[in-house]
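Okay, so the sequence shown: first residue is 1 according to the UniProt record's numbering, each after it adds one. The structure appears below as structure tokens.
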Amino acid sequence: MNRHQWLAADPKGTIVLVHGTGEHYGRYEHVAAFLNARGWSVFTGDLPGWGRSPGRKGHIDSFQQYVEAVDEWRRAAREASGGKQPLYILGHSLGGLVATRYVQCHERSEEELAGLILTSPCLALKLAVPPWKVKLAGWLDSIWPTLTMPNGITPDMVSRDEQVQAAYQSDPLNYAKVSVRWFQELHRAMDLAWKERDRISVPVLVLQAGDDSLIDAEAIERFAAGIRSDAEFHRLQGLRHEVLNEPEKEQVMFQVETWMNRQDQQM
């Protein structure tokens, strides 16, 4: 398993960071630098099938592989802090779905986590998948689950920043395809995330891009409203999918830091 850590000089807490579809943890170095400077250590890694992780690119056999990867990063973070400091999980897009499923699948998460932070979480897709494609994917899942197809994400979808777009396009660690099994597992995980909203018992911050062509912002607001724990939702008007890579990223990171500090004061 590919794992990485950015340690603060004098840490007051830890964040487990989970990246999105087709990318890798290296794209969050600026986020880690911001957090490190404010006393937060960051533990992360490349999810199975992405970045530097071994195995077939863009493919998983089960969504549980993602959840297990996050659990490994969480255990490393806990061990580093001695379990005495607040621990948050921050997930973007696919990583937001993974982080959500992690909290839902681990009953002790309330004892171990101070909160859950989701940026443009992949809990509902903006564009409806045609019924014929869903049917075809279901058929192929049983005979050719590793068949890959383009994920449909273009650089202009992720950010308005042209430098970010260019870097996204040229990054050799980004991978623009997903397998049939991945597609099936993604939809199963999204369905379960909605059905098990009542299993989220930690405080939640949701920062949803207002101009998101990949994720349904209206649905994400409904999801947040249905969480029984303390959930705070913000729609960031005019921002595209990767809110942590938009020109306003400093403001977004300050928003994350402010929320965490407020949670810590209430503990």
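Note that the Cβ used here is the ideal one computed from N, Cα and C, for glycine as well.
(message) Determine whether the beta carbon atoms of I227 and V204 lie at a separation below 7 Å.
(response) yes
(request) Note down the Cα distance separating K249 from D71, rounded to an integer number of angstroms. (result) 27 Å
(message) I'd like to know if the stretch 228-248 and the stretch 136-144 are in contact, where contact means that at least 3 CB-CB pairs between them fall below 8 Å.
(response) no
(message) Once DSSP output is grouped into helix, strand and coil, what is the label at P121?
(response) coil
(message) If you measure between the beta carbons of A209 and L236, is that distance less than 7 Å?
(response) yes
(message) Given this structure, state the Cα-to-Cα distance separating P86 from R199, to the nearest angstrom.
(response) 20 Å
(request) Please name the residue, chosen from L118, Q184, V42 and A193, that lies closest to residue 271 on a Cα-to-Cα basis. (result) No answer is possible for residue 271: it lies beyond the span of the chain, which begins at 1 and ends at 267.
(request) Go ahead and pull the three-state DSSP assignment for D171. (result) coil
(message) By the three-class DSSP mapping on this structure, what secondary structure does E232 have?
(response) strand
(message) According to DSSP, simplified to helix, strand and coil, what is N2?
(response) strand
(request) Tell me the start and end of each unbroken beta strand (DSSP E) in the stretch 29-79 that is at least 3 residues and wholly inside, in chain order. (result) 40-46
(message) Could you check whether the stretch 114-129 touches the stretch 48-60, counting it as contact only if at least three pairs of C-beta atoms, one from each stretch, sit closer than 8 Å?
(response) no
(request) Could you name the residues that DSSP lists as bridge partners for P150? (result) K177
(request) Count the C-beta pairs between the stretch 68-83 and the stretch 164-178 that are closer than 8 Å, then say yes if the count reaches three, no if not. (result) no
(request) Please classify D191: is it buried, with 16 or more other beta-carbons within 10 angstroms of its beta-carbon, or exposed? (result) exposed
(message) Given this structure, state the Cα-to-Cα distance separating Q266 from L207, to the nearest angstrom.
(response) 21 Å
(request) Keeping to the same chain, check which residues put their C-beta closer than 8 Å to that of I215; ignore five residues upstream and five downstream. (result) S93, S120, P121, C122, L123, A124, L125, K126, Q208, A209 and H241
(request) Specify the secondary structure class of L17 as computed by DSSP and reduced to three states. (result) strand
(request) Measure the alpha-carbon distance for G152 versus V180 and round it to whole angstroms. (result) 14 Å
(request) Would you mind reading off the limits of the alpha helix (DSSP H) that contains Q251? (result) K249 to Q266
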